[in-house]
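A.B. asks:
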Amino acid sequence: MDEALTYVLLMLASTLRVATPLVLCAMGGLFAEKGGIVDIGLEGKMLMAAFFAAATAAVTGSAWVGVAVAILAAVALAVLHGFACITYRGNQVVSGVAINILAAGLTVVLGTAWFARGGQTPPLTGSERLPPLFLPNAGDNVLVYAALLSVPITWWIIGRTRFGLRLRAVGEVPIAVDAAGISVAWLRYRAMLLCGLFTGLAGAYLSIGQNAGFSRDMTAGQGFIALAAIIFGKWRPLPAFGACLIFGLLDATAIRLQGVKVPGLGEVPVQLIQAMPYLLAVFLLAGFIGRAVAPKASGVPYVKEH
Amino acid sequence: MKRWLGSAIALIAMGFLASVQAQTVVKPAVIYSTGGKFDKSFNEGVSAGVERFKKETSIPVAEFEPSNETQFEQALRRFAQRSQDPIIAVGFSQAVALDKVAREFPNIHFTIIDSVVDLPNVQSVVFKEQEGSFLVGVLAALASKTGKIGFVGGMDIPLVRRFQCGFEQGIKYANPNAELISNMTGTTPAAWNDPGRGAELAKGQFDRGVDVVYAAAGSTGIGILQAAKDRGKLGIGVDSNQNHLHPGTMLTSMLKRVDLAAYNSFKEAQAGDWKGGTQVLGLKEGGVDWALDKDNEKLVTPDMKARVDAAKADIVSGKIVVHDYMSNNSCKP
Numbered sequence: 067m068d069e070a071l072t073y074v075l076l077m078l079a080s081t082l083r084v085a086t087p088l089v090l091c092a093m094g095g096l097f098a099e100k101g102g103i104v105d106i107g108l109e110g111k112m113l114m115a116a117f118f119a120a121a122t123a124a125v126t127g128s129a130w131v132g133v134a135v136a137i138l139a140a141v142a143l144a145v146l147h148g149f150a151c152i153t154y155r156g157n158q159v160v161s162g163v164a165i166n167i168l169a170a171g172l173t174v175v176l177g178t179a180w181f182a183r184g185g186q187t188p189p190l191t192g193s194e195r196l197p198p199l200f201l202p203n204a205g206d207n208v209l210v211y212a213a214l215l216s217v218p219i220t221w222w223i224i225g226r227t228r229f230g231l232r233l234r235a236v237g238e239v240p241i242a243v244d245a246a247g248i249s250v251a252w253l254r255y256r257a258m259l260l261c262g263l264f265t266g267l268a269g270a271y272l273s274i275g276q277n278a279g280f281s282r283d284m285t286a287g288q289g290f291i292a293l294a295a296i297i298f299g300k301w302r303p304l305p306a307f308g309a310c311l312i313f314g315l316l317d318a319t320a321i322r323l324q325g326v327k328v329p330g331l332g333e334v335p336v337q338l339i340q341a342m343p344y345l346l347a348v349f350l351l352a353g354f355i356g357r358a359v360a361p362k363a364s365g366v367p368y369v370k371e372h
Numbered sequence: 256m257k258r259w260l261g262s263a264i265a266l267i268a269m270g271f272l273a274s275v276q277a278q279t280v281v282k283p284a285v286i287y288s289t290g291g292k293f294d295k296s297f298n299e300g301v302s303a304g305v306e307r308f309k310k311e312t313s314i315p316v317a318e319f320e321p322s323n324e325t326q327f328e329q330a331l332r333r334f335a336q337r338s339q340d341p342i343i344a345v346g347f348s349q350a351v352a353l354d355k356v357a358r359e360f361p362n363i364h365f366t367i368i369d370s371v372v373d374l375p376n377v378q379s380v381v382f383k384e385q386e387g388s389f390l391v392g393v394l395a396a397l398a399s400k401t402g403k404i405g406f407v408g409g410m411d412i413p414l415v416r417r418f419q420c421g422f423e424q425g426i427k428y429a430n431p432n433a434e435l436i437s438n439m440t441g442t443t444p445a446a447w448n449d450p451g452r453g454a455e456l457a458k459g460q461f462d463r464g465v466d467v468v469y470a471a472a473g474s475t476g477i478g479i480l481q482a483a484k485d486r487g488k489l490g491i492g493v494d495s496n497q498n499h500l501h502p503g504t505m506l507t508s509m510l511k512r513v514d515l516a517a518y519n520s521f522k523e524a525q526a527g528d529w530k531g532g533t534q535v536l537g538l539k540e541g542g543v544d545w546a547l548d549k550d551n552e553k554l555v556t557p558d559m560k561a562r563v564d565a566a567k568a569d570i571v572s573g574k575i576v577v578h579d580y581m582s583n584n585s586c587k588p
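From first to last, the protein sequence lines are chains A and B. Counting from 1, position 84 in the first sequence corresponds to residue 150 in the working numbering; the numbering is continuous, with no gaps. Counting from 1, position 49 in the second sequence corresponds to residue 304 in the working numbering; the numbering is continuous, with no gaps.
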C-alpha cells in the first residue's frame, strides 16, 4: 500500500515537473489567442527566454536576475510579433515561424560568441539555479508553483475582469470594441505583453530550474505541445491546464514504462511508448473533444474603418 | 623572352608546390556529429585530437558543425571539392552520406569514426565499447549500495545497445544479484541533445532505487549527470573523461579514445602512410578504457580498482569475452 502511494506521489511530481513549462506556455498563448492573435512563436519565445535566463545567471550569478532578463527577452519577441501583425497587419503565422527560426539561430550564435561552447552556456551551480522550495528531491522550484498559480490568474483575468471581457471581444468581433471607443491595437499589445511574461517564465524554468544551463534547441517542440493543449482545452484556461497535465502524465508514464515488462505483452518497444502522447492526441481530438472553435477573429488583422 | 621566363618561373613554382604537396602538405578537415563540438563527450573527444594535431604541426584544420543530418552530405562534398584531404566524418549517422560522397571523390581520403564504410578510400575506425562499458559496469556494481544500477542511452540504436549490453555484463560479473534499469532517451537524433529529458529519465530511475547511473547519450548526458549530482547519486560519463563535470559524484567515465583516432588519421596522412580499411580498437589496443583521476579517486577504493584491473587484464588476455550486441542484435550470445 505504502509503495503504491509512493509510486503515485513520484508520478505526480514527475508529471508536474514535465508539465510546468507547458502550463506556463499555454497560459501565455491563451492571452494572445483570446485576443485574436495566432501565436505559433511560443516555442521561439520560450527558447530565447531559456537562453537569456541561463546566460544572465551564468554571468551575474543570480537566478533571479536570470528570470527577470528571460521575461524581458520573451516580451521583446512578443512585442516584435505584435509589431509585425498588429501594427503592420502582417500574416501572424509567418511572423510566428520567423520568430521560431530567429530564436533557434540567434541563441546558438550569441551563445557561441559569448561563451565559446558551441551554443551552450556554462553549467550553472548553486545560486545560479532556482532551488527546490520544500521537497529537495521533487525539484519543486518556485516556477512550478508559479505555473499552478498562473491557471487561476489567467482564468480570473480572462473571465472576470474588464480587460478580459474586452480581450475576448477583441478576439471575436474587434469592430464592436473599436466602435465602443477602445483601442484594438493597444488591447492586443497588452495581450502580447502577458504572453511574453508567461513564456519568459516557461523558458527560465527550462534552463535554470529543471536543467542547469542552456543547450541548443532545448525546448524540443514543447511550445507546439502547449499550443495543442490550448486547442485541446478549447481556448479555456482550466481545460488547457488539464491537457497540459495529460501530456505531462503521458510523458512521465512513458519514462517509467520503458523497459518494464507488462504482463501478457512482454516488454513494450520504446518507439510505441514514445508515440503514445501523439496517438492519444489524435484519438482524443477525433473522438472526445468534439469541435474546438477558435475565437472568430483569430488570425485576422484588424483594419480600422474610417 | 619575357613570356618564356614567366612561364618557366610558373612551371618551376608549380613543380615545387606539387612536390611539397606530395610529401607534407595535408589539408585536413573534420565534420562533427549533430551533438556539436562542445558536447563534453563524443565530439569534444574528437576535437581534442584535432586540437593536438593543430598544435603539434601548425597545420590548419577546417571544421564544420552541422546543425542537422541533412547537412552531412553537403558538407562532405564541399570539403572534397575544396580538396581537403583527409576528411574525418564523426559519428555513425554520417555513414550513408559518406558512402555516396566517397564514391564521387575516389582520390580523397576519408575517415569515419564509429561506423564502417567499405570503400578503398575510406578508413573506418570503430571501438569495442562493450569492453569499456564492461569495466565501468564492474565499478558501478561495486559502488552501488542498493544493488540497482541505471543506464540512460541516447538514441535507441544497436550501437547504444552495445554500451548497455557490455555494461550489464560487467555488472553481472561483479554482482550477479544486481539489477539494471535501462532507459533510452528517444528514437531520433534529437535524443542526443535533450538534457531535460535525460534528467527526467535519471530521476525516474533514482525514484526506483538506482544509485549509480551510466549516461551514454551525448549532450543529453549533461542533464543525466547533473540530476545525479542534484540527488547525491553517482554518475558515469562516456566517451570523453567527464569526471571534471561534477567532482565527487562522478564515479568514473568510459573513455573512448576518439581523440586518438582523429589524431592518428591526420598524422598518418601527413606521414604519407594513410591506409584504408577497418580498425577495431578495444581494450587491448588502448581504444577504450575507464577514467581514474583526481576528481574521482576518493570514490574508487583500492579493492574496487584491483577488481577492475583484474577484469581488464582478463579481457585483454581473452579470458573474458565480452559479448557484442551488434554481432547478433541481442544481448545473449
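For each residue, glycine too, the CB sits at the ideal point set by N, CA and C.
CB Val535 (chain B) to CB Val393 (chain B), shorter than 8 Å?
C.D. replies: Contact flag unset, no.
A.B. asks: Just confirm the distance between the C-beta atoms of Ile266 (chain A) and Val141 (chain A), as a whole number of angstroms; I'd bet it's less than 8 Å.
C.D. replies: In the sequence as presented, Ile is not what sits at residue 266 (chain A); that position holds Gly. With 8 Å as the limit, Gly266 (chain A) and Val141 (chain A) qualify as a contact, their Cβ atoms being about 6 Å apart.
A.B. asks: How many angstroms separate the CA atom of Ala398 (chain B) from the CA atom of Lys383 (chain B)?
C.D. replies: Those two C-alpha atoms are separated by around 24 Å.
A.B. asks: Between the C-alpha atoms of Leu71 (chain A) and Ala457 (chain B), what's the straight-line distance to the nearest angstrom?
C.D. replies: Their backbone Cα atoms lie some 21 Å apart in a straight line.
A.B. asks: Ala335 (chain B) and Val356 (chain B): beta carbons closer than 8 Å?
C.D. replies: For Ala335 (chain B) and Val356 (chain B), yes; Cβs fall inside 8 Å.
A.B. asks: Buried or exposed: which applies to Val175 (chain A), given that a residue is buried once 16 or more other Cβ atoms fall within 10 Å of its Cβ?
C.D. replies: With fewer than 16 other Cβ atoms within 10 Å, it is exposed.
A.B. asks: Bridge partners for Lys511 (chain B) per DSSP, in chain order?
C.D. replies: In the DSSP output, where bridge partners are listed per residue, Lys511 (chain B) has B:Val543.
A.B. asks: Check whether chain B comes within 8 Å of Leu76 (chain A), counting only Cβ atoms and requiring the distance to be less than that.
C.D. replies: Taking Cβ atoms only, chain B reaches closer than 8 Å to Leu76 (chain A), which makes this a yes.
A.B. asks: How would you write the range of the beta strand (DSSP E) that Ile286 (chain B) sits in, first residue to last?
C.D. replies: Where Ile286 (chain B) is concerned, the enclosing beta strand (DSSP E) stretches over Ala284 to Ile286.
A.B. asks: Is it buried or exposed for Phe200 (chain A), if we count other Cβ within 10 angstroms and need 16 for buried?
C.D. replies: Flag for Phe200 (chain A) reads exposed.
A.B. asks: Phe389 (chain B) and Phe406 (chain B) look like a contact to me (Cβ under 8 Å); what is the Cβ gap, rounded to whole Å?
C.D. replies: Rounded, the Cβ-Cβ distance is 13 Å, inconsistent with contact.
A.B. asks: With Ala360 (chain A) as the anchor, note down where its beta strand (DSSP E) starts and where it stops.
C.D. replies: Neither: Ala360 (chain A) is in no beta strand (DSSP E) and is coded neither H nor E.
A.B. asks: Please report the residue range of the beta strand (DSSP E) in which Met410 (chain B) lies.
C.D. replies: Looking at the DSSP string, the run of the beta strand (DSSP E) that includes Met410 (chain B) is Lys403 to Met410.
A.B. asks: Check each candidate in A:Thr191, A:Gly330 and A:Ile339 and name the one with the smallest Cα separation from Gln324 (chain A).
C.D. replies: Of A:Thr191, A:Gly330 and A:Ile339, the residue nearest in Cα terms is A:Ile339.
A.B. asks: Would you report the Cα separation of Ile367 (chain B) and Val336 (chain A), rounded to the nearest angstrom?
C.D. replies: Straight-line Cα distance between these residues: approximately 28 Å.
A.B. asks: Under a three-way DSSP split, which group does Ser582 (chain B) fall into?
C.D. replies: The answer is helix: DSSP assigns Ser582 (chain B) an H, G or I state.
A.B. asks: Going along the segment 268 to 291 of chain A in order, which residues come within less than 8 Å of chain B, judged by CB to CB distance?
C.D. replies: Answer in chain order: Leu272, Gln276, Asn277, Ala278, Gly279, Ser281, Arg282, Asp283, Met284 and Ala286.
A.B. asks: Does the beta-carbon distance from Ala395 (chain B) to Leu506 (chain B) come in below 8 Å?
C.D. replies: Going by C-beta atoms, Ala395 (chain B) is nearer than 8 Å to Leu506 (chain B).
A.B. asks: Is Ala257 (chain A) closer than 8 Å to Gly107 (chain A) when the C-beta atoms are compared?
C.D. replies: Result no, Cβ atoms of Gly107 (chain A) and Ala257 (chain A) do not sit closer than 8 Å.
A.B. asks: Under DSSP, the alpha helix (DSSP H) around Thr475 (chain B) begins and ends at which residues?
C.D. replies: Where Thr475 (chain B) is concerned, the enclosing alpha helix (DSSP H) stretches over Thr475 to Arg486.
A.B. asks: Does any residue of chain A have a CB that is nearer than 8 Å to the CB of Leu456 (chain B)?
C.D. replies: Closer than 8 Å to some Cβ of chain A, the Cβ of Leu456 (chain B) qualifies, so yes.
A.B. asks: Decide yes or no for the touch test of the segment 347 to 367 of chain A against the segment 301 to 309 of chain B: beta carbon pairs closer than 8 Å, at least 3 of them.
C.D. replies: Flag = no, the segment 347 to 367 of chain A and the segment 301 to 309 of chain B do not touch.
A.B. asks: Does the beta carbon of Arg333 (chain B) sit closer than 8 Å to a beta carbon anywhere in chain A?
C.D. replies: No, no contact with chain A.
A.B. asks: Pop quiz: Ala129 (chain A) and Arg195 (chain A) are said to be a contact at Cβ under 8 Å. What is the actual Cβ separation, rounded to whole angstroms?
C.D. replies: Ala129 (chain A) to Arg195 (chain A), Cβ: 6 Å. Contact.
A.B. asks: Helix or strand or just coil, what does DSSP make of Ser572 (chain B)?
C.D. replies: Correct three-state label for Ser572 (chain B): helix.
A.B. asks: Closest by CA to Met114 (chain A), which one among A:Val348, A:Leu75 and A:Leu138?
C.D. replies: Cα-wise, what sits closest to Met114 (chain A) is A:Leu138.
A.B. asks: Would you say the segment 292 to 300 of chain B touches the segment 459 to 478 of chain B, given that touching needs at least three Cβ pairs under 8 Å?
C.D. replies: In short, these stretches touch, since the Cβ pair count reaches three.
A.B. asks: Would you check if the distance between the CB atom of Met410 (chain B) and the CB atom of Gly451 (chain B) is smaller than 8 Å?
C.D. replies: No. Outside cutoff.
A.B. asks: Does the beta carbon of Lys539 (chain B) fall short of 7 Å from some heavy atom of the ligand GDP?
C.D. replies: With respect to the ligand GDP, the structure offers nothing, as it holds no ligand at all.
A.B. asks: Since Val84 (chain A) meets chain B, which of its residues come closer than 7 Å, beta carbon to beta carbon?
C.D. replies: Going along chain B in sequence order, the residues near Val84 (chain A) (Cβ under 7 Å) are Glu455.
A.B. asks: Output needed in chain order: residues of the segment 533 to 563 of chain B with a Cβ under 8 Å from some Cβ in chain A.
C.D. replies: Residues: none.
A.B. asks: If you reduce the DSSP assignment to three classes, tell me which class Pro343 (chain A) lands in.
C.D. replies: Note: Pro343 (chain A) maps to helix in three-state DSSP.
A.B. asks: Relative to the C-alpha of Glu333 (chain A), which residue among B:Gly459, B:Ile436, B:Ala317 and B:Gly291 is closest?
C.D. replies: Minimum Cα distance to Glu333 (chain A) is reached at B:Ile436.
A.B. asks: In angstroms, rounded to a whole number, what distance separates the CA positions of Asp462 (chain B) and Leu76 (chain A)?
C.D. replies: Each residue's alpha carbon lies about 7 Å from the other.
A.B. asks: I'd like to know if Lys362 (chain A) contacts chain B, where contact means its C-beta is closer than 8 Å to some C-beta of that chain.
C.D. replies: With 8 Å as the cut-off, Lys362 (chain A) does not count as an interface residue toward chain B.
A.B. asks: Rounded C-beta distance between Ala318 (chain A) and Thr81 (chain A)? I'm assuming under 8 Å.
C.D. replies: Contact flag correct, Cβ pair sits at about 5 Å.
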